[in-house]
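Peer 1:
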Amino acid sequence: MIKSEEELTWKDLEVGCVVSDAGNARQYKTGDWRSLRPICDKTKCIKCGVCYIFCPDMAIRKTDEGYFEADLYYCKGCGICAQECITSCITMVEEEE
Amino acid sequence: MGERVGIEVSLAASEAIKMANVDVVAAYPITPQTHIVEHLSQLVADGELDAEFIPVESEHSAMSVCCGSSAVGARTFTCTSSQGLALMNEIVFIAASLRLPIVMLLANRSLSGPLSIWNDHSDVMSIRDCGWIQVFAENGQEVFDHVLFAFRVAEDAKVSLPVIVNIDGFVLTHMIEPLEFWDEDTVKKYLPDFKPVNQLHPDKPITMGAFGMPIIFTEAKKAQDEALIKSKTEILKAWKELGDLVGRYYQPVETNHLEGADTVFLTMGSIGETVSLAVNELRSRGKAVGQVKLRLWRPFPFEELREAVKGVKRIIVIDRAISFGGPGGPVASEIRAALYKERTMPAITNFICGLAGRDVTPDDYIKMYEKTEKMTKKKVREEDYIIYGVRE
Amino acid sequence: MEPLNVYASRLITKKEYFTPGHRACQGCAEALAVRLVAKALGKNVVVASATGCMEIVSSPLPFTNWEVPWIHVAFENAAAVASGAEAGTKALIRKGKLTDKGTVFLGMGGDGATSDIGLQALSGAFERGHNFLYVCYDNEAYMNTGIQRSSATPFGAATTTSPAGKLTSGQITWKKNMPEIAVAHNIPYVATACSSYPFDLIKKVEKAARIQGPAYVHILSICPTGWRLPPDKAIWIGRLAVETGVFPLYEVEHGKYRLTLDVGELRPVKEYLKPQGRFRHLTDELVEDIQKRVREEYNKLKIKTTL
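Chains as they are written, first to last, in the working numbering: chain X, 15 to 111; chain Y, 35 to 426; chain V, 5 to 311.
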């Protein structure tokens, strides 16, 4: 999607206002909503993936080393990961700014 | 040339639907549409029509099922009347916005209350703004032809809009009329396989029916409006091809006895035939009367209407629905609006008659004409609409 | 209690057919439920969604969070639209116009769309026996329009149309038992699930998808916004819903009931009610009434599992 919503003309819309670019809402930065962010203490993390499975925003991703870290582009800072973490290695801290 | 038979129009319609090889029929029975759905279920049960017949639990679900099935690329049909149409109202609008080529036969019947099973146009008038292509059939042959026309136009990739074919309840649905079936080859030539513009299929995931915020809603409606307006091109093409194949040429506006007419009747639907008898009679008495029949209701045929009534001094618009407390019957209001900017605007008299199946005879139309003759003589300011024949 | 295999999360498919960037509230367990269902069903699915939270947060024109075919028509007809998609596909396959890929047809809606305004369409779809799956995301009120009560709102819960006032104290009727209504239609599979038990949920949805005929999965979807909870507590409170017997996890296969999680001795219901702002106004007496009724319903269910 090159044009923003404000720029779209009626001719840009697809027939029936169908959206054929599947999943194009990925571009929306829900991370801007955040006031708390999750911080993971890797020394306690057992790489279980419980935080990953419980994130309602699919904002936890697996790193190459197998740890699970927050995808700050999407993370809304709800804190479910910190609440559910088996070893309590995740803490929610205030966002700077 | 196809088979010529005497057949109840409902059954003829079902046979046309069978010849169109629909994939899904989803309908809820309501008088006077019942014979159509009954015959269709028999055809499916006998294996004569290979389709899924979905006996939905309400008309709202009927139109919803149609949306689902059309969205996956199935040729989809429904039919209803009156209260059924009212019940599916919200989905009718949505189907057009989704550009799903559903075909609906509307067996015109009066909207309640009081409850009435009889014929008038109040049901179709309640969905004027819905965005569907809307046409009227006058007799059994037209009904048969327009079923095939409807699928042809709806599914055309340049159109992709749902189509309503209006057929007067009881007056057409339950009458046995002589008509000519098409043969299989002709149907094949006229109606190609359905290739949907948009299709729900796992190989190519799309989203249909996203919600529209204020920033984009106007553009969505403009796109829909343009689609309906532009569909006229394909409508005319489809009618021409139909004529070339079976010899019956249909027009958005059809005329009768227009030569030298200073007064014309304007009708929609089956009363056109009754009015033509009155017109013939008046002509034989030396009156300069003609008739204009509106076949295409949406998209409204502005050019054809203006052309047809050029030079006419008075139009007698017959409405079969009331707009309470409004400026006139729905058709008269639209005719007035369509002619408003013309250099000479004819006098327009609006008679509302035939409500809920009340019989209106050629004699009644002659009386209406004579009444307008008096009005022309008296030069009084006329009422916006007259409910003809009401006992006061 | 089943031991939680903490590493099971890593076995779940990584592909997200419901993409991030959706506009659900922070901590929305309904979005999590949708995510889990999407993982369970994969890409070979056609989704018909009702109007509601999940529809609004995932489809603001011109964007979509769906990477599977998805259609939204109106509020009360998800089951009818899904029926149409299923029937249309069936006809096209039979007539040789489409190949049979075993596509799953999913109707989804909230509790309002399912047990209130959409009940008729769902009942019709069940009765006609369409081969489809219906998932109800139950957050126990009409959340998207501002937390108004539904027939799924539990007794005593405060909503904007069943507020705690001087004369009445929240919802005055007991939660409509939608899974039982589904069972009464004699459909082959009915199950309850909760996003706090993700593997149970995924297994049930996979099973329901494989069933021939109608299947119904009712998912308790915790809404921190509407239930007045801190955003990190949705999973935690869901577990309490199950462990107190308020929302037992069970499935009914061809009329045979089975608890999929036997929580043993039920925890007192007030452990579940107390943390939620929507129950804050409840007197001890009302809590006791609720406890009695929860126990009654749970026992009725347990008896059914022995039949």
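We put the CB at the ideal spot given by N, CA and C, even for glycine. Note that the structure is predicted; figures quoted are calculated from it, not measured.
Would you kindly work out how many angstroms separate the C-alpha atoms of Ile64 of chain Y and Glu293 of chain Y, rounded to a whole number?
Peer 2: 42 Å
Peer 1: Hey, how far is the Cα of Gln285 of chain Y from the Cα of Ser155 of chain V?
Peer 2: Here the alpha carbon of Gln285 of chain Y sits roughly 53 Å from the alpha carbon of Ser155 of chain V.
Peer 1: Assign Ala295 of chain Y to one of three DSSP states: helix, strand, or coil.
Peer 2: Ala295 of chain Y falls in the coil class under three-state DSSP.
Peer 1: Counting contacts by CB-CB distance shorter than 8 Å, is Met247 of chain Y in contact with chain V?
Peer 2: yes
Peer 1: If you draw a straight line from the C-alpha of Ala161 of chain V to the C-alpha of Met147 of chain V, how long is it?
Peer 2: When rounded, the distance between both Cα atoms is 13 Å.
Peer 1: Under a CB-based cut-off of 8 Å, is Thr241 of chain Y close to chain X?
Peer 2: yes
Peer 1: Going along the chain, which residues of the segment 175 to 200 of chain V sit with their C-beta nearer than 9 Å to a C-beta in chain Y?
Peer 2: Correct list: empty, as no residue qualifies.
Peer 1: Excluding five sequence neighbours on each side, which residues of the same chain lie with their C-beta closer than 7 Å to the C-beta of Asp120 of chain V?
Peer 2: Ser154 and Ser155
Peer 1: Measuring alpha carbon to alpha carbon, tell me which residue in Y:Leu389, Y:Ile305 and Y:Ala96 is nearest Phe111 of chain Y.
Peer 2: When C-alpha distances from Phe111 of chain Y are compared across Y:Leu389, Y:Ile305 and Y:Ala96, the shortest belongs to Y:Ala96.
Peer 1: Quick check on this structure: which residue in V:Leu65, V:Leu40, V:Ala12 and V:Asn143 has the alpha carbon closest to the alpha carbon of Tyr42 of chain X?
Peer 2: If you compare the alpha carbons of V:Leu65, V:Leu40, V:Ala12 and V:Asn143 with that of Tyr42 of chain X, the shortest gap goes to V:Leu65.
Peer 1: How would you label Leu119 of chain Y, buried or exposed, when you count the other beta carbons within 10 angstroms and need 16 or more for buried?
Peer 2: It is buried - the Cβ of Leu119 of chain Y has at least 16 other Cβ atoms within 10 Å.
Peer 1: Compare the C-beta of Glu82 of chain Y against all C-beta atoms of chain V and say whether one is closer than 8 Å.
Peer 2: Glu82 of chain Y has a beta carbon lying at 8 Å or more from every beta carbon in chain V.
Peer 1: How about Lys223 of chain Y: is its Cβ closer than 7 Å to a heavy atom in the ligand ADP?
Peer 2: Although the ligand ADP was asked about, the structure shown includes no ligands whatsoever.
Peer 1: Distance cutoff 8 Å, beta carbons only. Does Arg109 of chain Y sit that close to anything in chain X?
Peer 2: no
Peer 1: Using DSSP with H/G/I as helix, E/B as strand and the rest coil, what is Arg132 of chain V?
Peer 2: The answer is helix: DSSP assigns Arg132 of chain V an H, G or I state.
Peer 1: Pull up the CB-CB distance for Glu49 of chain Y and Phe215 of chain Y, whole angstroms please, since I reckon it's below 8 Å.
Peer 2: Their Cβ separation, rounded to whole angstroms, is 7 Å, which keeps Glu49 of chain Y and Phe215 of chain Y in contact under 8 Å.
Peer 1: On the CB-based measure, 16 or more other CB atoms within 10 Å of its CB, does Met5 of chain V come out buried or exposed?
Peer 2: Bear in mind that the predicted position of Met5 of chain V carries a pLDDT of just 37, short of 50, making it unreliable; the figure below should be weighed with that in mind. Flag for Met5 of chain V reads exposed.
Peer 1: Are the C-beta atoms of Pro7 of chain V and some chain X residue less than 8 Å apart?
Peer 2: Only weak support exists for where Pro7 of chain V lies, its pLDDT of 47 falling under 50; the coordinates are left without a value.
Peer 1: When Cβ atoms are compared, which residues of the segment 87 to 108 of chain V fall closer than 8 Å to chain Y?
Peer 2: From the segment 87 to 108 of chain V, only Ser87, Gly88, Ala89, Glu90, Ala91, Gly92, Thr93, Lys94, Ala95, Leu96, Arg98, Lys99, Lys101, Leu102, Lys105 and Thr107 have a Cβ closer than 8 Å to chain Y.
Peer 1: By Cβ distance below 6 Å, which residues in the same chain neighbour Val56 of chain Y in space, the five residues on each side in sequence not counted?
Peer 2: Shown here for Val56 of chain Y: same chain residues with a beta carbon closer than 6 Å to its own, the five before and five after excluded, namely Ala85, Arg109 and Phe111 in chain order.
Peer 1: What residues from the segment 222 to 240 of chain Y come within 8 Å of chain X, judged by C-beta to C-beta, listed N to C?
Peer 2: Those would be Val231, Asn232, Lys238, Pro239 and Ile240, in chain order.
Peer 1: What's the gap between the Cα of Leu149 of chain Y and the Cα of Ile161 of chain Y?
Peer 2: 19 Å
Peer 1: Could you tell me whether any Cβ in chain X is nearer than 8 Å to the Cβ of Glu341 of chain Y?
Peer 2: no
Peer 1: Counting only beta-carbon separations shorter than 8 Å, does Asp6 of chain Y have a partner in chain V?
Peer 2: In the structure as shown, chain Y starts at 35 and stops at 426, and residue 6 of chain Y therefore has no counterpart that could be examined.
Peer 1: Please compile the residues from chain Y whose C-beta is within a distance smaller than 8 Å of the C-beta of Thr23 of chain X.
Peer 2: Glu253
Peer 1: Taking only beta carbons into account, state which residues of the segment 234 to 260 of chain V come closer than 7 Å to chain X, listed in chain order.
Peer 2: Result list: Pro235, Asp236, Lys237, Ala238, Ile239 and Trp240.
Peer 1: With a threshold of 16 other CB atoms inside 10 Å of the CB of Pro7 of chain V, please say whether the residue is buried or exposed.
Peer 2: Any reading at Pro7 of chain V needs caution, since the residue's pLDDT is 47, under 50, leaving its predicted position unreliable; the model's value is listed next. Exposed, by the Cβ-count rule.
Peer 1: Of all the residues that make up the segment 192 to 221 of chain Y, which are near chain X by a beta-carbon distance shorter than 7 Å?
Peer 2: Ser194
Peer 1: Please classify Glu268 of chain Y: does DSSP put it in a helix, a strand, or coil?
Peer 2: helix
Peer 1: Once the 5 residues before and after Gly324 of chain Y are set aside, which same chain residues still bring their CB inside 7 Å of it?
Peer 2: Contacts found: Thr289, Asn290, His291, Leu292, Ala295, Val298 and Val313.
Peer 1: Is it the case that the segment 86 to 95 of chain X contacts the segment 26 to 33 of chain V, given that we only count it when at least three CB pairs across the two stretches are under 8 Å?
Peer 2: yes
Peer 1: Under 8 Å between the Cβ atoms of Lys208 of chain V and Tyr261 of chain V?
Peer 2: no
Peer 1: Since Arg40 of chain X meets chain V, which of its residues come closer than 7 Å, beta carbon to beta carbon?
Peer 2: Thr23, Pro24 and Gly25
Peer 1: In terms of residue numbering, what span does the beta strand (DSSP E) encompassing Gln168 of chain Y cover?
Peer 2: Ile167 to Phe170
Peer 1: What are the partner residues of Glu257 of chain V, as DSSP defines its beta bridges?
Peer 2: V:Tyr193 and V:Lys260
Peer 1: Helix, strand or coil for Glu86 of chain Y per DSSP?
Peer 2: DSSP places Glu86 of chain Y in strand when its eight states are reduced to three.
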